[in-house]
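>
Number of protein chains: 2
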Amino acid sequence: MSRIRDLRNEELTSAAIRAVHRHGYAQVTMTDIAQEANASAASINYYFGTKEKLMEATMRRLLGLLRRAALERLQGAQGPRARLEALVAANFDDRLFVPAQCSLWVQFWSNAPYSTSLARLHRINRARVQSHLQAELRHLVPGAVETVTATLQAYMDGVWLEAAQSGICDAQATRREAAVVLGRLVV
Amino acid sequence: MSRIRDLRNEELTSAAIRAVHRHGYAQVTMTDIAQEANASAASINYYFGTKEKLMEATMRRLLGLLRRAALERLQGAQGPRARLEALVAANFDDRLFVPAQCSLWVQFWSNAPYSTSLARLHRINRARVQSHLQAELRHLVPGAVETVTATLQAYMDGVWLEAAQSGICDAQATRREAAVVLGRLVV
DNA sequence: GTAAATCTTGTATGCTCATACAAGATTTCT
DNA sequence: AGAAATCTTGTATGAGCATACAAGATTTAC
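Taken in sequence, the protein lines are chains A and B.
Position one of the first sequence corresponds to residue 4 (the numbering used here), numbered consecutively onward.
Position one of the second sequence corresponds to residue 4 (the numbering used here), numbered consecutively onward.
1) Counting pairs of Cβ atoms below 8 Å between the region 145 to 155 of chain A and the region 108 to 123 of chain B, do you hit three or more?
2) For residue 21(B) and residue 104(B), I'd like the C-alpha separation in whole angstroms.
3) For a quick check, are the C-beta atoms of residue 71(B) and residue 77(B) less than 8 Å apart?
4) Quick one: does residue 113(B) have its CB under 8 Å from some CB of chain A?
5) With respect to the alpha helix (DSSP H) encompassing residue 9(B), which residues constitute its N-terminal and C-terminal limits?
6) Skipping 5 residues on each side, what residues in its chain have a beta carbon closer than 6 Å to that of residue 100(A)?
7) Tell whether a beta-carbon distance below 8 Å holds between residue 106(A) and residue 23(A).
8) Along the chain, where does the alpha helix (DSSP H) containing residue 105(A) start, and where does it finish?
9) Can you list, in chain order, the residues of its chain with a C-beta nearer than 6 Å to that of residue 94(A)? Leave out the 5 residues immediately preceding and following it.
10) What's the call for residue 236(A), buried or exposed, on a 16-neighbour Cβ count within 10 Å?
11) Let's see if you can read the secondary structure: which residues bound the alpha helix (DSSP H) around residue 84(B)?
12) My output table needs one value for residue 41(A): the three-state DSSP class, helix, strand or coil.
13) Have a look at residue 65(A) and residue 59(A) and give me their C-alpha separation to the nearest angstrom.
14) Establish whether the CB of residue 180(B) and some CB of chain A are separated by less than 8 Å.
15) When the cut-off is 8 Å and only beta carbons count, does residue 154(A) lie next to chain B?
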């Protein structure tokens, strides 16, 4: 991959995030995205081929952020409880949990059932998060692994949904709040 | 209001639910909706004026279902705990928690920030649910009313989100599961 | 320096869509 | 029955959109 190609990839997906945040997934146009990147709609097509491929790349970028945040936080975590907290905190990492990305996240997921590429990404991501959570919860709540896993996933999704609505993403406060919830939920 | 107007209102909003479920909020067209109702796009316009007004009416219909389910279930509920359970169960009522409506619910909310009418409905609905939950939680978890209210709302939203993704809505099982979660969360 | 490769863009194309409109069908009222 | 009100639809309109394309600009390679 050439250097410039990587640069444009980053610039354009990042512009896509801002444009979708501003206009909404249902209404955003290639021109909107191009303007956000100070480029032309045609050049986006040159790099990505189609709008859908651009969206897929954009989502991939967000998923990469989440994965990296989770791995980083798992590094310093000793024991199941700390690892569980790390996983949950990663979901609300400073680099991830910001208004534009919240907005995108929720809109992409709600449109996933209608796009095979987004559906695929959703499935993969969800399975990964789920298996990470389960691995820790087996040690912590042996009798209720399934229930607590599903509850935590629903809780985190719900927090994203509300954040997207309100436009307010106080990552630090949300991590604190999530820790309190964990305290109530996991013994 | 004439009788026929009420009939069409019901037929068309109900067709809108099916059409959005099938095609997605971002892609559904007036023609899709009309076909689902065995009518013409023009007649939808006659009754609702614009697509956006149709969507608003459709959402209003779903919100009405939720309100009615909650009121009904509150009737037979004695004491804060039972009332809390009634509120949560109402969210997963048989008449509400079905695939097409899940799908719509999530898509409408994720698009709410970009539509003043949907945003309004979202705000009102959320505030109503929140105040109902809080009223009961004040008696049950006096020290953590805010946290548990927010957690429950996020949890319920998250369950809807996942149901919309998977297309699976086992209302009864979900109510049971929610009751278990309540047991973990509320002392 | 210059040719090739890579990148960028303005414009054209063809399509889809929401909505307007006017004419016709049906129902209601008397 | 006949007139008026209400409802329905086919078609027209005009806007907006993703994408294709070809020409030109820039960068890279040697």
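Heads up, the beta-carbon is just placed ideally off N, CA and C, and yes, glycines get one too.
On the basis of the data shown:
1) no
2) 8 Å
3) no
4) yes
5) 6 to 26
6) 172, 174
7) yes
8) 102 to 114
9) 159
10) Outside the displayed range of chain A (4 to 190) lies residue 236(A), so it cannot be described from this structure.
11) 82 to 94
12) coil
13) 10 Å
14) yes
15) yes
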